[in-house]
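Please read the structure below before turning to the comments.
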Amino acid sequence: MIRSLLHDWQCGALSYIGNRNPETICFKPKRWSMIQNSFMSRANSIVIPGGKLDLAMQLILTPLILQLVDRKNRAS
Numbered sequence: 000m001i002r003s004l005l006h007d008w009q010c011g012a013l014s015y016i017g018n019r020n021p022e023t024i025c026f027k028p029k030r031w032s033m034i035q036n037s038f039m040s041r042a043n044s045i046v047i048p049g050g051k052l053d054l055a056m057q058l059i060l061t062p063l064i065l066q067l068v069d070r071k072n073r074a075s
């Protein structure tokens with residue numbers, strides 16, 4: 000696993016997702032364990048393989064979109 004991470008890093012195939020406001024995105028390790036070879040570099044950032052960026056964005060954006068829909072429904 001470490002070897003593949005180092006190889007991906009050398010090829011530039013890792014993506015870094017950081018967040019200035021940790022309250023807006025859930026950075027719980029259990030959620031990110033779904034993405035193989037990902038790791039949390041800090042409490043509010045994660046490093047993922049480049050090919051898994053779409054899954055990571057789905058994990059980040061789905062709860063935010065659901066919150067927006069809920070707020071809209073309560074406002075109606």
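Residue 0 is where the sequence shown starts when you use numbering that gives the first Met the number 0, and the numbers rise one by one after that. Where is the CB? At the ideal position from N, CA and C, for every residue including glycine.
Among the options, nearest to residue i - alpha-carbon criterion
i, options, result
"G17", "D69, I59, N72 and A74", "I59"
"M33", "N43, P48, A42 and R41", "P48"
"S40", "S14, V68 and L67", "S14"
Beta-carbon proximity list for residue i, same chain, < 6 Å, skipping 5 on both sides
i, result
"W31", "S37 and I45"
Helix, strand or coil at residue i [DSSP, three-state]
i, result
"I45", "strand"
"M56", "helix"
"I16", "strand"
Cα-Cα separation, residue i to residue j
i, j, result
"M56", "G50", "12 Å"
"K71", "N20", "23 Å"
"A74", "A12", "43 Å"
"Q35", "P28", "12 Å"
"D53", "I64", "16 Å"
"L67", "N43", "22 Å"
"D69", "T61", "12 Å"
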